[in-house]
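Per the numbering used here, the very first residue in the sequence shown carries number 123; after that it's consecutive. All C-beta atoms, glycine included, are put in the ideal place defined by N, C-alpha and C. Quick caveat, the model's predicted, so the values are computed rather than measured.
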Amino acid sequence: MKQIIARLLIYLTPALSQIGHAQAYLSSKQVQSYYKKASTEHSSFVSYRHLGKSKRQKDIFYLTISKNTFPANAPSIYFNASHHGNEKLSTEIVYYLTKYIIDHRDSPFLDSILREYILVLQPIVNPDGFDFNTRNDTLGQDPNRDYPFPRRGEEESFRLKETQMVKQILDNHHVFAALSFHSGMSGVLWPWCYSEKRTFDHDIFREISTRISQTMKIQTTKQSYYNYPSRGEFIDYAYMKYRTLALTVELPNPVGTQQFKESVQKGVAGSLDFIRLVQLYHQDKLSYLPKFDRHKF
Ligand SMILES: [Zn+2]
123 MKQIIARLLI
133 YLTPALSQIG
143 HAQAYLSSKQ
153 VQSYYKKAST
163 EHSSFVSYRH
173 LGKSKRQKDI
183 FYLTISKNTF
193 PANAPSIYFN
203 ASHHGNEKLS
213 TEIVYYLTKY
223 IIDHRDSPFL
233 DSILREYILV
243 LQPIVNPDGF
253 DFNTRNDTLG
263 QDPNRDYPFP
273 RRGEEESFRL
283 KETQMVKQIL
293 DNHHVFAALS
303 FHSGMSGVLW
313 PWCYSEKRTF
323 DHDIFREIST
333 RISQTMKIQT
343 TKQSYYNYPS
353 RGEFIDYAYM
363 KYRTLALTVE
373 LPNPVGTQQF
383 KESVQKGVAG
393 SLDFIRLVQL
403 YHQDKLSYLP
413 KFDRHKF
């Protein structure tokens, strides 16, 4: 993993040094045009998927990357960002992750991943909020409180087109694991958000979260409820519906160009580490034995 991070630093430095100021984030148009171009230039393994339009008629899209010859059956690993439109760093992380994966697709690590998995990348969940730089959608509704969870069914959820489209992604792909990027605080969080109860996969969640938080130098790693309780989050829905190993990753909003570069590097390195850990788990090589603290509860 250290080698991957070292290579990542060398790779990302020239691309990120073109950014003069931390506030010079990519526009939604720039992100979309790169995703379209990537699928045209690398059509054998990259596909651009159009999901629909937001309330303000912005395109909602994602990309799949895979060398698997039977993609319908392949397990997927899903990355999304900008549920909250003013959390621009999260989109940059998924954007640079996409670029890194495409540019390094033939490295031994990514080659083995792309033969086994479909990587699903959605850089902007909430394009209206993104373009207006607001947390919520244009009606002031928070997309990351709009999902079903064990105490609220689908009929009372999915009021927003944006979350319905995330649902489509989960329904269309066998999403085994997912990272949902946010920016503001610092933490790696796992389900449940709505309850203090532990999930069946608590020990796996804790092991993977602890390891990627070390890679990203994030101190806070816990079940989301113990960060703060919330209802209707993406990770609770993905876990409840498909038992997806879904985590929220929060990175602090950077101040200045240097911190911005470091935050993007951390997010990309953490994502690559996450992919590696998911593969290890599938190969039954990830140790996640219950630790002593289970007796506290
Ligand atoms: Zn957020």
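Consider the C-beta atom of residue i and the heavy atoms of ligand 1; say whether any pair is separated by less than 7 Å.
i	result
Gly306	yes
Asn266	yes
Glu355	no
Tyr209	First, the amino acid is wrong: residue 209 is Glu here, not Tyr. Correct: Glu209 has its Cβ closer than 7 Å to ligand 1.
His205	yes
Which one or two residues does DSSP pair with residue i in a beta bridge?
i	result
Val153	Bridge partners of Val153: none, in fact.
Gly309	Glu372
Phe396	Partner(s): none; Phe396 has no beta bridge.
Phe271	Arg274
Val168	Ile187
Compute the beta-carbon to beta-carbon distance between residue i and residue j, rounded to the nearest angstrom, for a pair I have assumed lies under 8 Å.
i	j	result
Ile215	Gly389	3 Å
Leu373	Asn349	Contact doesn't hold; Cβ gap of about 14 Å is too wide.
Ser176	Tyr170	The Cβ separation is near 17 Å, so there is no contact.
Asn248	His205	6 Å
Tyr410	Ile326	5 Å
Asp259	Leu282	6 Å
Leu394	Leu402	Contact doesn't hold; Cβ gap of about 13 Å is too wide.
Gln290	Leu367	Not quite, the Cβ-Cβ distance comes to about 20 Å (not below 8 Å), so this is no contact.
Glu318	Tyr359	Incorrect: roughly 18 Å between the Cβ atoms, too far for contact.
Asn208	Arg257	5 Å
Cys315	Glu276	Not really, about 17 Å apart at Cβ, beyond 8 Å.
Ile199	Phe167	No, Ile199 and Phe167 are not in contact; Cβ-Cβ is about 15 Å, not under 8 Å.
Ser305	Ile357	At roughly 16 Å, the Cβ-Cβ gap does not stay under 8 Å, so Ser305 and Ile357 are not in contact.
Ile224	His164	6 Å
His226	Leu219	The Cβ separation is near 11 Å, so there is no contact.
Val400	Ala299	5 Å
Pro265	Thr213	So it is not a contact: roughly 14 Å between Cβ atoms.
Gly309	Thr343	7 Å
Tyr364	Val288	No, Tyr364 and Val288 are not in contact; Cβ-Cβ is about 12 Å, not under 8 Å.
Asp253	Lys189	34 Å between Cβ atoms; not a contact.
Complete runs of the alpha helix (DSSP H) confined to the region 170-247 [at least 4 residues]: Under the rule that a run must span 4 or more residues, the alpha helix (DSSP H) segments found entirely inside the region 170-247 read 210-225, 230-238.
Sequence ranges, alpha helix (DSSP H) only - wholly within the region 296-369, length at least 4: Within the region 296-369, the complete alpha helix (DSSP H) runs of at least 4 residues are 324-337, 356-364.
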